[in-house]
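Colleague: One structure, pasted below without further comment.
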Amino acid sequence: NQELEALLAILNVSDEPLETVASDFHRTFTRNDYFKLGCAICMMLLDQLLTQSQRIVAFSILCELYRNEVSNPFLSFFPRGARE
Numbered sequence: 002n003q004e005l006e007a008l009l010a011i012l013n014v015s016d017e018p019l020e021t022v023a024s025d026f027h028r029t030f031t032r033n034d035y036f037k038l039g040c041a042i043c044m045m046l047l048d049q050l051l052t053q054s055q056r057i058v059a060f061s062i063l064c065e066l067y068r069n070e071v072s073n074p075f076l077s078f079f080p081r082g083a084r085e
């Protein structure tokens with residue numbers, strides 16, 4: 002799947018500021034894909050499929066997805082995901 006490959010490429014960026022990674026994410030994906038990608042990120046975090054640096058990028062992206070919205074559907078995931 003091209004979307005998953007693109008997401009993994011973004012999660013693998015560890016030498017750029019998180020703002021740059023977020024910009025890359027927004028350029029790569031459309032707003033219509035955000036929820037689906039957020040769910041994929043949550044599953045990867047819960048299944049412990051990501052390295053420590055990928056986890057940091059993943060949590061950053063989850064925050065960024067709905068930054069300008071009233072609510073973020075992934076906020077309730079943060080306490081659980083951080084413990085995993």
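The numbering of the sequence shown is the working numbering, which starts it at 2 and goes up by one. Note that beta-carbon positions come from the ideal geometry of N, C-alpha and C, so glycine has one too.
1) Identify the continuous alpha helix (DSSP H) that holds Glu65 and give its terminal residues.
2) Please list the terminal residues of the continuous alpha helix (DSSP H) segment that includes Val71.
3) Taking DSSP as the reference, what is the three-state secondary structure of Asp34?
4) So, with DSSP's three-state summary, where would you put Phe79?
5) Are Ala23 and Glu65 touching if we call contact CB-CB under 7 angstroms?
6) Buried or exposed: where does Val5 fall if 16 or more other Cβ atoms within 10 Å of its Cβ makes it buried?
7) Should Arg56 be labelled buried (16 or more other beta-carbon atoms within 10 Å of its own) or exposed?
8) Between the beta-carbon of Phe30 and the beta-carbon of Ile62, is there less than 7 angstroms?
Modeller: Per the coordinate set shown:
1) Stepping through the sequence shown from its first residue, residue 65 is reached at position 64. Here the alpha helix (DSSP H) through Glu65 covers 53-66.
2) Within the sequence shown, the letter at position 70 stands for residue 71. Per DSSP, Val71 belongs to no alpha helix (DSSP H) and is neither H nor E.
3) The sequence position of residue 34 within the sequence shown is 33, counting from 1. Note: Asp34 maps to helix in three-state DSSP.
4) For the purposes of this step, residue 79 is taken as residue 78 along the sequence shown, with counting starting at 1. Looking at Phe79 - three-state DSSP - the assignment turns out to be helix.
5) As a position in the sequence shown, residue 23 is number 22, starting the count at 1. As a position in the sequence shown, residue 65 is number 64, starting the count at 1. Yes, these two residues count as a Cβ contact at 7 angstroms.
6) Working through the sequence shown from its first residue, we reach residue 5 at position 4. The displayed chain sequence assigns Leu, not Val, to residue 5. Exposed is the call here.
7) What you label residue 56 is simply residue 55 of the sequence shown in a count that begins at 1. By the neighbour-count rule (16 or more Cβ atoms within 10 Å), Arg56 is buried.
8) Reading the sequence shown from its first residue, position 29 is the one you call residue 30. Reading the sequence shown from its first residue, position 61 is the one you call residue 62. The Cβ atoms of Phe30 and Ile62 do not sit closer than 7 angstroms to each other.
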